[in-house]
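Undergrad: Residue numbering for the sequence shown follows our numbering, beginning at 71 and increasing consecutively.
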Amino acid sequence: MEILSSTKNMLLMMMMSAMMWNMAKSDLIYVGGSKGSGWVLGNNLTNWSLNQHFHLNDWLYFGYEKDKRYFNVLEVNKTSYENCIDAGFIKNVTGGAGRDVFQLTNKKTYYFISGGGYCWHGLKVAIHVKDSVAPAPAPKSHKSGASALDASNIYHSLMVLILILLCTNFLG
71 MEILSSTKNM LLMMMMSAMM WNMAKSDLIY VGGSKGSGWV LGNNLTNWSL
121 NQHFHLNDWL YFGYEKDKRY FNVLEVNKTS YENCIDAGFI KNVTGGAGRD
171 VFQLTNKKTY YFISGGGYCW HGLKVAIHVK DSVAPAPAPK SHKSGASALD
221 ASNIYHSLMV LILILLCTNF LG
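1) Given that a residue counts as buried once 16 or more other Cβ atoms are within 10 Å of its Cβ, and exposed if not, what is tryptophan 129?
2) Which ranges does the beta strand (DSSP E) cover as unbroken runs of at least 3 residues, wholly within the segment 117-189, from first to last along the chain?
3) Exposed or buried, asparagine 113, counting other C-beta atoms within 10 Å across all chains shown (16 or more means buried)?
4) In the DSSP assignment, find the beta strand (DSSP E) that holds leucine 98 and state where it starts and stops.
5) Starting from lysine 105 and walking both ways along the beta strand (DSSP E), at which residues does that stretch end?
6) Out of Leu193, Gly185 and Thr179, point me to the one whose CA is closest to valine 199's CA.
7) Can you list, in chain order, the residues of its chain with a C-beta nearer than 6 Å to that of phenylalanine 132? Leave out the 5 residues immediately preceding and following it.
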């Protein structure tokens, strides 16, 4: 009975470690490249977003402290983004303090605009989310001939180990 309890505790610890590893992979990205003034008029957010890499679980930080009475952050669909339509938005990300955050939870393109006509002045951005981790650097040659494990391989190996433990626990 004690062995079963020990196995369950070990399994729980491994699952918690895997979840914490996944959370640690996310980044906080300042929209427009600046913490306090990235979501403002005159900042070319289209060019900025094209030069960025966005991954699952990353957080976007919309900073517009100076103009928090005027600007907001609305998640919209592609048509509303292209036509600057602020009615019928998907989500109002605005918290009122000019420091709004949004987590990228799906692999898709997110569209954000500022309402009140500011979208027509360029206050909008499309964020294309790629896979969950940044691409691994090119492998380096090792004198020993062994290949290095990257973080995603470790994560996947842990998941496989957890599944094996679960199956053996239920079947045996």
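We treat Cβ as the ideally placed atom computed from N, Cα and C, and that holds for glycine.
TA: Straight from the coordinates:
1) Indexing the sequence shown from 1 puts residue 129 at position 59. Tryptophan 129 is exposed by the Cβ-count criterion.
2) Within the segment 117-189, the complete beta strand (DSSP E) runs of at least 3 residues are 129-133, 144-146, 169-173 and 179-183.
3) Taking the sequence shown and counting its residues from 1, the one referred to as residue 113 is at position 43. Classification of asparagine 113: buried, given that the 10 Å Cβ count is 16 or more.
4) Residue numbering aside, residue 98 sits at position 28 when the sequence shown is read from its first letter. Taken as a continuous stretch (DSSP letters only), the beta strand (DSSP E) holding leucine 98 covers 98-100.
5) Here residue 105 corresponds to residue number 35 of the sequence shown, with the count starting at 1. Boundaries for lysine 105: no beta strand (DSSP E) harbours it, and the DSSP string shows neither H nor E there.
6) Numbered from 1 along the sequence shown, position 129 holds the residue referred to as residue 199. Selected option, being the one with the closest Cα: Thr179.
7) The residue given as residue 132 occupies position 62 in the sequence shown. Val101, Trp109, Val143 and Asp170, listed in sequence order.
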